[in-house]
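Take 3 as the starting number for the sequence shown in my numbering and just add one per residue. Step one of this worksheet: look at the structure below.
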Amino acid sequence: MKGSDLRSHFWTGLSVRIAERSDWRLGTFKHQHGSDAYIEFQERLGLGFRPRAVFLTNDNQLRAEILTTGNKGGLELLDSLLASGRLLKTANAGFAEVSVSHGRSDGKVQVVWENAMTLNRKLWSVHYDWIGQTLCDLKETLAPLITEADQTP
């Protein structure tokens, strides 16, 4: 099975899992950048932040991200987080990487699962739960920071 077919099957399975887990509050998603490796969820968190998931078969990697694009307030929040360190402790005792692109067009907070065995379809249910739970953890971590930054004059 080629990469695009594999990713299509993966996202279909994730969609089913999301429908089963209303507590994740992720809703529907769409492909981003014309690539079937990236999906973006409909939810908006303020300051342009939104959840995104990445499924990379060649890199054997999964990523759960909260991304902002071109929002000055969102990028300023990420700058302040970067000033206190590149890693952000999450609400559930994990760590997420904070970054801003060199061109300052976007930035994100992400957790990366390296060597995720993305080609092993027997593990996909674990991958689905990891994406959902990790995005929930990132949202729980960032929500109060976004609210505070959004209210700062």
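Built from N, CA and C at the ideal position, the CB exists for glycine as well.
(message) Between the alpha carbons of Val111 and Leu90, how many angstroms are there, rounded?
(response) Start at 1 with the first residue of the sequence shown, and residue 111 comes out as number 109. Start at 1 with the first residue of the sequence shown, and residue 90 comes out as number 88. Pairing Val111 with Leu90, the inter-Cα distance amounts to about 8 angstroms.
(message) If distances are taken between C-alpha atoms only, which option among Ala118, Asp139, Val113, Val100 comes closest to Leu58?
(response) As a position in the sequence shown, residue 58 is number 56, starting the count at 1. Of the residues Ala118, Asp139, Val113, Val100, the one whose Cα lies closest to the Cα of Leu58 is Ala118.
(message) Quick check on the burial criterion: 16 or more other C-beta atoms within 10 angstroms. Buried or exposed for Arg46?
(response) Here residue 46 is taken as the residue at index 44 of the sequence shown, counted from 1. Label assigned to Arg46: exposed.
(message) Check whether the region 63 to 78 and the region 101 to 110 are in contact - that is, three or more C-beta pairs closer than 8 angstroms.
(response) At 8 angstroms Cβ cutoff, the stretches touch.
(request) Assuming Gly75 and Asp152 form a contact by the criterion Cβ under 8 angstroms, report the distance between their Cβ atoms to the nearest whole angstrom. (result) Here residue 75 refers to the residue found at position 73 when the sequence shown is read from its first residue. Here residue 152 refers to the residue found at position 150 when the sequence shown is read from its first residue. With a Cβ gap of about 7 angstroms, Gly75 and Asp152 count as contacting.
(message) Once DSSP output is grouped into helix, strand and coil, what is the label at Ser107?
(response) The residue labelled residue 107 in the question sits at position 105 within the sequence shown. Secondary structure of Ser107 (DSSP, three-state): coil.
(message) Could you give the first and the last residue of the continuous beta strand (DSSP E) run that contains His71?
(response) The sequence position of residue 71 within the sequence shown is 69, counting from 1. At residue 71 the sequence reads Thr, which differs from the His that was named. First-last of the beta strand (DSSP E) with Thr71: 63 to 71.
(message) With a threshold of 8 angstroms, are at least 3 pairs of Cβ atoms found where one atom belongs to the region 128 to 148 and the other to the region 88 to 102?
(response) The region 128 to 148 vs the region 88 to 102: in contact.
(message) What does the Cβ neighbour count give for Thr14, buried or exposed, with the cut at 16 atoms within 10 Å?
(response) For the purposes of this step, residue 14 is identified with residue 12 of the sequence shown, where counting begins at 1. Looking at its Cβ environment, which holds fewer than 16 other Cβ atoms inside 10 Å, Thr14 is exposed.
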